Every structure is written in structure tokens, then in C-alpha cells.
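Participant: Offset between the sequence shown (1-based) and my numbering: plus 1.
Ideal placement from N, C-alpha and C gives every residue a C-beta, glycine not left out.
If you're wondering where the values come from, they're calculated on a predicted model, not measured in any experiment.
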Amino acid sequence: MNKGDLIDKIAEAAGLKKADAAAALNATLETIADTLKAGQKITLVGFGTFDVNYRAARKGINPSTQKEIQISDKVTVKFKAGKELAGTVDNKDLRTSLKAAADKKKKK
């Protein structure tokens with residue numbers, strides 16, 4: 002699903018015009034980004050938590066050349082699914098299809 006598809010689903014579920022759904026989604030995403038940029042955590046009970054994390058500089062290996070490279074420090078965003086979201090996603094049908102896809106990939 003891409004952003005346009007998500008806007009369509011939101012508009013349909015909330016009974017909104019697509020333009021209104023797009024404005025609401027854009028405002029939500031902008032607010033999340035601004036809050037994280039300020040170093041604050043966002044907790045949506047039942048859905049999950051967005052937080053920022055500092056990653057120190059480290060040495061790595063370029064897989065193409067096998068040469069050592071320096072990876073600079075940076076701030077990353079992490080998301081931890083809430084209990085309700087995790088429970089909704091963890092269903093037997095999805096687990097079975099994802100397991101089959103992983104097994105098929107291993108065989109290649």
C-alpha cells in the first residue's frame with residue numbers, strides 16, 4: 002500500500018473527501034516528524050511508540066570492495082508496535098503465508 006492507497010482507505014473509512022483525508026494524513030505525518038525532530042517520543046496507546054535513538058560512529062566493511070569504511074554517527078527513528086497492533090497482525094493466516102514465502106526464499 003502506498004500513500005495514495007492509504008488516503009483512499011482513510012477517506013472511505015471516515016466518510017471524508019479524498020482532499021480532506023490527504024490533508025489530515027499529511028498533518029499527522031508532519032506532526033510526527035516535527036515531534037521526533039525535537040527529540041520527543043510519541044506514544045499511541047494500542048498502536049505503538051515512535052522514538053529517536055542515537056547511533057555512535059563505527060567501522061564497517063564495504064561489501065563490494067571488502068575495504069573498511071567509517072560510518073558516521075546519526076540519529077535514527079525506531080517504532081515499537083503496541084500490544085493491540087501486534088496481536089492484530091499476528092494471525093494464523095498471515096503467519097502461514099509469510100512462513101511459506103520465507104521457506105521458498107531459502108530454497109533458492
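#1: What are the start and end residues of each continuous beta strand (DSSP E) run of 3 or more residues lying completely inside the stretch 61 to 88, in chain order?
#2: For G49, which beta-bridge partners are listed by DSSP?
#3: So A57 packs on Q71, CB below 8 Å; how close in whole Å?
#4: Please return the same chain residues whose Cβ sits closer than 8 Å to the Cβ of I43, not counting the five positions on each side in sequence.
#5: Going by alpha carbons, who is nearest to V78 out of A20, A39, A12 and A28?
#6: Give me the Cα-Cα distance between V90 and M2, rounded to the nearest whole angstrom.
#7: Rounded to a whole number of angstroms, what is the C-alpha to C-alpha distance between N27 and S73?
#8: Is it buried or exposed for A22, if we count other Cβ within 10 angstroms and need 16 for buried?
#9: In the DSSP output, which residue or residues are listed as bridge partners for N54?
Facilitator: In terms of the structure at hand:
#1: 69 to 72 and 75 to 82
#2: Residue 49 sits at position 48 when you count from the first residue of the sequence shown. DSSP, once it has assigned bridges, lists L45 and A82 as partnering G49.
#3: Translated into the one-based positions of the sequence shown, residue 57 becomes position 56. Translated into the one-based positions of the sequence shown, residue 71 becomes position 70. With 8 Å as the limit, A57 and Q71 do not qualify as a contact, their Cβ atoms being about 12 Å apart.
#4: The sequence position of residue 43 within the sequence shown is 42, counting from 1. Excluding sequence neighbours, I43 sits near I33, T36, L37, T50, F51 and D52.
#5: Against the sequence shown, residue 78 aligns to sequence position 77. Of the candidates A20, A39, A12 and A28, the one whose C-alpha sits nearest the C-alpha of V78 is A39.
#6: On the sequence shown, residue 90 is found 89 positions in, with the first residue counted as 1. On the sequence shown, residue 2 is found 1 positions in, with the first residue counted as 1. Taking the straight line joining both Cα atoms gives about 16 Å.
#7: Here residue 27 refers to the residue found at position 26 of the sequence shown. Here residue 73 refers to the residue found at position 72 of the sequence shown. Cα atoms of N27 and S73: separation of roughly 31 Å, rounded to the nearest angstrom.
#8: Translated into positions along the sequence shown, residue 22 becomes position 21. Buried: at least 16 other Cβ atoms inside 10 Å.
#9: Taking the first residue of the sequence shown as position 1, residue 54 is located at position 53. Partner(s): T77.
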